[in-house]
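S.K.:
There are 8 protein chains.
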Amino acid sequence: GFAKVDLHRPRRTGFPEVIYGEGKTQEQLKTLFLKLRESQTVALATRVSREKAEAVLTACPEAEYLETAGILRWIPKDVGYRPGYIAVVCAGTSDLPVAEEAAATAETLGSRVERIYDVGVSGLHRLIDQMDVIRQAQTVIVVAGMEGALASVVGGLVDSPVIAVPTSVGYGAHLGGLSTLLSMLNSCAAGVAVVNIDNGFGAGHFAARIHQTQHWATLEEEAAK
Amino acid sequence: GFAKVDLHRPRRTGFPEVIYGEGKTQEQLKTLFLKLRESQTVALATRVSREKAEAVLTACPEAEYLETAGILRWIPKDVGYRPGYIAVVCAGTSDLPVAEEAAATAETLGSRVERIYDVGVSGLHRLIDQMDVIRQAQTVIVVAGMEGALASVVGGLVDSPVIAVPTSVGYGAHLGGLSTLLSMLNSCAAGVAVVNIDNGFGAGHFAARIHQTQHWATLEEEAAK
Amino acid sequence: GFAKVDLHRPRRTGFPEVIYGEGKTQEQLKTLFLKLRESQTVALATRVSREKAEAVLTACPEAEYLETAGILRWIPKDVGYRPGYIAVVCAGTSDLPVAEEAAATAETLGSRVERIYDVGVSGLHRLIDQMDVIRQAQTVIVVAGMEGALASVVGGLVDSPVIAVPTSVGYGAHLGGLSTLLSMLNSCAAGVAVVNIDNGFGAGHFAARIHQTQHWATLEEEAAK
Amino acid sequence: GFAKVDLHRPRRTGFPEVIYGEGKTQEQLKTLFLKLRESQTVALATRVSREKAEAVLTACPEAEYLETAGILRWIPKDVGYRPGYIAVVCAGTSDLPVAEEAAATAETLGSRVERIYDVGVSGLHRLIDQMDVIRQAQTVIVVAGMEGALASVVGGLVDSPVIAVPTSVGYGAHLGGLSTLLSMLNSCAAGVAVVNIDNGFGAGHFAARIHQTQHWATLEEEAAK
Amino acid sequence: GFAKVDLHRPRRTGFPEVIYGEGKTQEQLKTLFLKLRESQTVALATRVSREKAEAVLTACPEAEYLETAGILRWIPKDVGYRPGYIAVVCAGTSDLPVAEEAAATAETLGSRVERIYDVGVSGLHRLIDQMDVIRQAQTVIVVAGMEGALASVVGGLVDSPVIAVPTSVGYGAHLGGLSTLLSMLNSCAAGVAVVNIDNGFGAGHFAARIHQTQHWATLEEEAAK
Amino acid sequence: GFAKVDLHRPRRTGFPEVIYGEGKTQEQLKTLFLKLRESQTVALATRVSREKAEAVLTACPEAEYLETAGILRWIPKDVGYRPGYIAVVCAGTSDLPVAEEAAATAETLGSRVERIYDVGVSGLHRLIDQMDVIRQAQTVIVVAGMEGALASVVGGLVDSPVIAVPTSVGYGAHLGGLSTLLSMLNSCAAGVAVVNIDNGFGAGHFAARIHQTQHWATLEEEAAK
Amino acid sequence: GFAKVDLHRPRRTGFPEVIYGEGKTQEQLKTLFLKLRESQTVALATRVSREKAEAVLTACPEAEYLETAGILRWIPKDVGYRPGYIAVVCAGTSDLPVAEEAAATAETLGSRVERIYDVGVSGLHRLIDQMDVIRQAQTVIVVAGMEGALASVVGGLVDSPVIAVPTSVGYGAHLGGLSTLLSMLNSCAAGVAVVNIDNGFGAGHFAARIHQTQHWATLEEEAAK
Amino acid sequence: GFAKVDLHRPRRTGFPEVIYGEGKTQEQLKTLFLKLRESQTVALATRVSREKAEAVLTACPEAEYLETAGILRWIPKDVGYRPGYIAVVCAGTSDLPVAEEAAATAETLGSRVERIYDVGVSGLHRLIDQMDVIRQAQTVIVVAGMEGALASVVGGLVDSPVIAVPTSVGYGAHLGGLSTLLSMLNSCAAGVAVVNIDNGFGAGHFAARIHQTQHWATLEEEAAK
Ligand SMILES: Nc1ncnc2c1ncn2[C@@H]1O[C@H](COP(=O)(O)O)[C@@H](O)[C@H]1O
Ligand SMILES: Nc1ncnc2c1ncn2[C@@H]1O[C@H](COP(=O)(O)O)[C@@H](O)[C@H]1O
Ligand SMILES: Nc1ncnc2c1ncn2[C@@H]1O[C@H](COP(=O)(O)O)[C@@H](O)[C@H]1O
Ligand SMILES: Nc1ncnc2c1ncn2[C@@H]1O[C@H](COP(=O)(O)O)[C@@H](O)[C@H]1O
Ligand SMILES: [Mg+2]
Ligand SMILES: [Mg+2]
Ligand SMILES: [Mg+2]
Ligand SMILES: [Mg+2]
Ligand SMILES: [Mg+2]
Ligand SMILES: [Mg+2]
Ligand SMILES: [Mg+2]
Ligand SMILES: [Mg+2]
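Residue numbers (our numbering), protein chains in the order written: chain A, 77 to 301; chain B, 77 to 301; chain C, 77 to 301; chain D, 77 to 301; chain E, 77 to 301; chain F, 77 to 301; chain G, 77 to 301; chain H, 77 to 301.
1. From the DSSP output, read off the bridge partner residues of B:Thr-122.
2. Along chain D, in chain order, which residues have C-beta atoms closer than 9 Å to that of E:His-281?
3. Taking a cut of 8 Å between CB atoms, which residues from the region 266-293 of chain C lie near chain A?
4. Please work out which residues of its chain come closer than 8 Å, Cβ to Cβ, to D:Pro-92, disregarding the five sequence neighbours upstream and downstream, and give them in chain order.
5. Apart from the five residues just before and just after E:Leu-172, which ones in its own chain have a Cβ nearer than 8 Å to its Cβ?
6. Give the interface partners of F:Ser-263 over in chain C, defined as CB-CB distance under 9 Å, in chain order.
7. I'd like to know whether the C-beta atoms of F:Val-241 and F:Val-209 end up nearer to each other than 7 Å.
8. Where does the unbroken alpha helix (DSSP H) through B:Pro-173 begin, and where does it stop?
9. Report yes if the C-beta distance between D:Gly-246 and D:Gly-221 is below 7 Å; otherwise report no.
10. Is the separation between the beta-carbon of E:Ala-135 and that of E:Lys-106 shorter than 7 Å?
11. So which residues of chain B does A:Met-260 contact, with C-beta pairs closer than 8 Å?
12. Using the beta-carbon of each residue, which ones in chain G are nearer than 7 Å to E:Leu-185?
13. For H:Ser-236 and H:Ile-286, I'd like the C-alpha separation in whole angstroms.
14. Comparing C-alpha positions only, which one of H:Gly-280, H:Ala-139 and H:Trp-292 sits nearest to H:Thr-215?
15. Going along chain B, which residues have a C-beta under 9 Å from A:Leu-133?
16. Which runs of the alpha helix (DSSP H), 4 residues or longer, sit entirely within the region 198-228 of chain E?
17. Under 9 Å between beta-carbons, which chain G residues line up against E:Leu-254? List them in chain order, please.
18. Compute the beta-carbon to beta-carbon distance between C:Ser-244 and C:Asp-274, rounded to the nearest angstrom, for a pair I have assumed lies under 8 Å.
19. If you count every other CB in all the chains shown that lies within 10 Å of the CB of F:Glu-176, and 16 or more means buried, which is it?
20. With DSSP run on the structure shown, which of helix, strand or coil describes B:Leu-233?
21. Chain D partners of A:Val-94, CB-CB under 8 Å?
22. Which residues in chain H sit within 8 Å of G:Leu-233, going by Cβ to Cβ distance?
23. Over the uninterrupted beta strand (DSSP E) stretch that includes G:Arg-158, give me the two end residues.
24. State the CB to CB distance for the pair E:Val-164 and E:Ile-217, rounded to an integer number of angstroms; the pair is presumed to be in contact (CB under 8 Å).
25. If we define contact as Cβ-Cβ less than 7 Å, is B:Gln-206 a contact residue for chain C?
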């Protein structure tokens, strides 16, 4: 075969192997997706165009395609969520595809998500209004382009870990997102960690790891009683 | 002489020539300062160390040296301020030298200054508490290092022009202030313009230009009646 | 809805919310524009292609589309300008779209504009010829690509604040405008502040803020009598 | 005073304010440390030289100075740790100061730490030997300079979140750590998030946030029964 | 003629001149290829699209086109390989075109190649399984995108020279491959040298040079007996 | 010997070998200088500190040391200049060392120099006053830091070639002179070529090459009659 | 009109105004070209596509279009060349468009050109064979992409000024020509100055300035007799 | 202990572990060196200052310190070299420390070295004179700063692999060696691979790997008979 699918991964990391759709042909995508569909509890492919998705949906009609997120996934009907939720906060409407990639990834990996969108710092009251639902999240993902100030502002207002996702939304000195990335890495608020530009998947996965170990910690402590 | 002091400047731009102290010898500084002292309404030198300043102070005891700002200046006793004031807002205590350079420059050029210091966005309540005095300023200077989010947050809360000064306070991916500079240039809040890293002088001068034309506009409109 | 339009903004900053057209669908643009049309004194959308504009113009025929500026706007017939004007100076014919974005933005926000175009420093006499109209402006916007020297030259000849807009006009070591941006940030002339590459909107808005506070200062001082 | 210490922070974020020692004078450090000592459950200052530390230790003998970490802290005797631990993994002996800053920060904020040092990927067997203790951690911090490959390798072997800290250890094309930073941001292993170059404090704090919410989750779920 | 084909090269460097197909017209390609076909022991053209290749294949049917590698070549039937082989190791399926360019180049220049593909470090067991065939190679080429950690891991496990080829596979902070390139240049494993991003040809050629001098060394030592 | 002095150079390029003093020991400098003194028509060493110069001056008292330029040289008494001169124009007093390195290099290589210093564009009248002497030069060297606008302004006013030398005079976004360098490379005025940051030597040498071929052209044309 | 054509230029700099075709419409190009045709001794437009050129050629049939150079020009029949010539040397066939832009520009401005193409340093004998014609040129233009070594090698072999033109020919770490540009700026051979990436026009113009002042120098010296 | 010395390395890679002296204390260096001295066939430490070396030399007098290379090593008396040699070629006298680090590393790892120094391309005849000894080497190391053209020129003249080492020798746009590094990565000559800036050790080690596998290949082929 053209690829060594890492089916060993779920056992090693507790998380399923995920397909990175970019640059794969429709044929490769279908083959890999069906393989994951058979051997794993869920199947997830990111960066998938609607066109490529169609072929897989025909072969595997129980899968679903999420347009904004560019995600193709299959989750068995009866799968539930861990207790608690992840908050996905985003600055502007242009950041939506990345925010949705993060949200859909986290959901597919077993975490409920609360979406708080279009609350950039240029209109601070919009964020303040939503602080309650953000503060009670197990972990917070902040998605922003431009100067990315939202990550620092949120980081200073909550006590849970904040995962910042810089987006490529901007122009000129924005340098394709590099500017936002640097900004978030230099956050004056402690408790902020960063993933790659536009890497909604990475943030969703990282958040699910936090959420899962939180959940396992609970189970272990309980078991220890 | 070793330099063509631009004594023509006040007539051309309405503002005095200013000495950039960096890299000048004590002797050069003294000569230039005394020349400005004689021919201009005020004399101002920036980036001056205490050591270099001493020699000038001996020769011109009516001058004063501002330690934190690194500024040496002479202002005649009876000079007053234009109506209104400039707000100088800064994020952390390490940004103080740049904030003071901005403040002292603006004062020397005829504008009263209100200082609002150590109000970085990681503790948002500190800023909110001071919004009244910031909102009533003729123009606002925001001095910040790290991710520089303060500029965007202030920009979204006032209707006067906001001059953002990135500082070199930070480390690693801060890249000597480049990161803050890029961040401020990509501010999601309209109404923010930027000067060079650590350029408190430039911000103070720019603010005084705004303030002065505001004042002149008033005088002209009055005169026109 | 897909977006939290910041209708609270005019009250907070004295300026209307503006639509950033890039990346929005025709449908989103229309919805947002009509919402602003209803609730604000003016409606403004930037970075709008002719194609996207058509749909809005059909729904709101009293709006107008400015081709070169890429701006769609609606201004009630009887709106006037503040006293005085903003000078928009540009270096070459390729910088025109950015210069027009700045000019149209400032006009929409209530400031009269004088345009002084194609006066780059490689033919200095062209600029010198126009200095009178530039010197009498309330504030000056300088739009230039290549090495951006025009900002420094103008900065040294006027006493009003100079807002420099680097453009992406150039190639090779121009780095998409970064080169001009850096150049302008290092201007040897005091009194120059900078906005993002190609950010005509930002410059126009910033200039209007200066102009407005100048005007308010006048009104306040008068009222104080 | 010269600073607005954010004493409100513990209530807002659940974590104490921390002093950033760099650039503060000995006098400022002492004043701030004693203020935190009085009002918070623990007191922590990072980037403190031995020389600066001495003055505080004299005034507050119950504090302790950690040489390698450059940390000054005070923890009341009877404070215990949350269940579970954080693994701090580092690549080479030169990365030790950053690893220790991370470890000491996490400990001060209530998390037990297991140290797994000098296990860089050029000698993979050293890492493999320690995988058991790494796999059972609540969260893993990976500290590395050079090409930072350790973060990806660890990320592919565990199911807990991995916080990567690039260090400035390297030369030439290492660009002061930028190279490692970029490398870690592009990790081919999911579940890796990144903090600023040499920011051991940020990683320790972020890990403690994860650990704390894990612990709280447990308490809440228990309480919910 | 439009080009001075370096037919003198084989005599000077022991290796044939090779055509760089990028930017050449179909006509230029054909002319050059036929010229090499006549005067050299093999003919090789890289970065050739299928479309451009067709014209040459018609004129020279004994040539062959390698789709994935983008390579067009002609090797006389009876040419054999040197003893031993070069291992071409790659991280992911997206790196295949570059890996194949390296492999096909080396083969054309007289070296047998073993392909070990899709063994990125996020699933380390896949690499470990193949170490035997990698360890016995005369020289190893490692092709990887993202953070490029594979080069360091392999470098620490073999005693032959490792040629690292960064690929442009990645996004955001990957900077078109610069990030992988920097990473590989800072490898903590000794024995790793690097070629340009996506330069499979360069790696294949370099490896063949190593292999050839190894072979010649053998012949010389034998002859010396 | 530790170095292969290129004594063959004068014959090959018509110009003497020059010593680059940076990083050479006092002993190495002396040995090389005396060797050049013997075999060439002039001897020149750049980037020489006063301290290093002393030792050579003792051994070769007919040499002279130029403090500002950091140049050590020996020219036989009776050497004259070519007809015409090179204009060295500089922006500010801090650019003097580089301007002097250029001037002294050109003089040593046989060209008379006219110095026009401290005529930066922030005070344009200073430059305009000196245009006559600049316009009549055989070639013009422009030395400037900050935004380097002087090169473009001069380039647009003369018909001789303009050699631009960016200096490292500036701070923050000046990036050690990179900003000026980029600016000069993007000059909107044709007829400007650029040398490395602070490379006064390179500019002086290049100008002398122009001047010499001009002179030789004259002699040849005359001879051809 | 949309542009202020600088017809004053020939008198000021001795060289005609030139049209930069990039980004101009066919209509604008025609208007400007015809205006120059009337008022200047020659008319020149660079970066012109064949498509745009057609319209002008119809309106002004005595103009000619140079495909490879992308140049449109009109030269009166009876114009001759100055004595002597400029050598245009280029490294590879992909650099031809830039080399031709340089050559055609110089020719249009009155200098005869000798072309020495495809002599890159990877086959040094090709260059050595042509050194005679290069050495006798009044000035040398070196056009190269990749690592640009040709500039240094030529610089060390001639005594006339060498103008280096980096091209964007390359990939990966070539960074669109930045790599070649930096390389040429750091040439170890004295007597090399550099223009922007792909700026064949700039090099041709600069060379013509050298050549013209050389010629004028001759005339002046003669006249002085 | 503070470090996990990789004593397993010789068995795994055929090469001894080497100490990177930078940033290690004198005490750490001594401990590690003595450990290697006992367990390996040779002991090698790079980037060691004379001061640090003294302490080790006292404890282990049979070790030797190489000043220019900054290397401390111990080789048993009776160790010989493999057949053949490595050529270390360098451009200028300032590159000597890096060239010596490469040479001494290769020698310590069992390869004889021929040194060809100060043969930069600005005086090409110096290189041509030495081509015979370079051509007969098993592998060639080229050490150069500035524009690094030497690597390409040598690469085009030999048929063995060329390892290019960029050095930090240069200033301004040299960017601490980045410029040379990029240049070498873009070499127009095939058969050139690159190591980190100033990484003489890496080049020497890589060359020894090539040399050793060459030697082993010989032994194996012989054994196979
Ligand atoms: N701290 C500063 N940063 C940037 N520019 C400055 C500063 N202080 C003074 N200047 C400018 O430097 C000019 C004087 O430069 P110089 O002739 O070198 O002393 C003044 O006209 C100011 O425009
Ligand atoms: N080593 C460190 N690196 C980055 N941030 C730090 C570090 N130590 C403390 N901080 C942050 O700096 C803030 C205090 O800054 P300051 O008010 O300047 O002392 C704390 O609230 C922390 O969030
Ligand atoms: N200030 C300088 N900047 C750049 N290159 C220089 C400088 N001074 C001398 N050179 C060059 O350095 C060469 C001598 O270098 P070296 O053999 O290292 O002394 C001379 O041939 C000049 O081309
Ligand atoms: N000069 C050098 N440059 C880069 N890497 C080196 C150098 N010297 C030694 N090394 C590497 O550093 C490793 C030892 O690092 P450490 O454990 O920190 O002493 C060795 O195994 C070598 O691979
Ligand atoms: Mg919005
Ligand atoms: Mg604080
Ligand atoms: Mg024009
Ligand atoms: Mg080690
Ligand atoms: Mg895979
Ligand atoms: Mg001055
Ligand atoms: Mg060729
Ligand atoms: Mg030399």
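Just so you know, even glycine gets a beta-carbon here, dropped at the ideal spot from N, CA and C. Since we're looking at a predicted model, the values are computed, not measured.
M.R.: Quick look at the numbers:
1. B:Tyr-96
2. Correct list: empty, because the minimum Cβ distance to chain D is about 23 Å.
3. Asn-272, Ile-273, Asp-274 and Asn-275
4. Arg-85, Pro-86, Leu-112, Gln-116, Thr-117, Val-118, Ala-119, Leu-120 and Leu-185
5. Thr-144, Cys-166 and Tyr-193
6. Ser-198, Met-222, Glu-223 and Ala-225
7. no
8. 172-184
9. yes
10. Yes, Cβ-Cβ distance for E:Ala-135 and E:Lys-106 is below 7 Å.
11. Glu-223
12. What E:Leu-185 touches in chain G: nothing, since even the nearest Cβ is about 16 Å away.
13. The alpha-carbon of H:Ser-236 is positioned some 10 Å away from that of H:Ile-286.
14. Per the Cα distances, H:Gly-280.
15. Correct list: empty, because the minimum Cβ distance to chain B is about 37 Å.
16. 200-204 and 207-211
17. Gly-248, Ala-249 and Leu-251
18. 5 Å
19. buried
20. B:Leu-233: coil per DSSP, three-state reduction.
21. Ala-266
22. Leu-200
23. Taken as a continuous stretch (DSSP letters only), G:Arg-158 belongs to no beta strand (DSSP E), as it is neither H nor E.
24. Indeed they touch by this definition, with Cβ atoms about 5 Å apart.
25. Interface residue (Cβ-Cβ distance to chain C less than 7 Å): B:Gln-206 is not classified as such.
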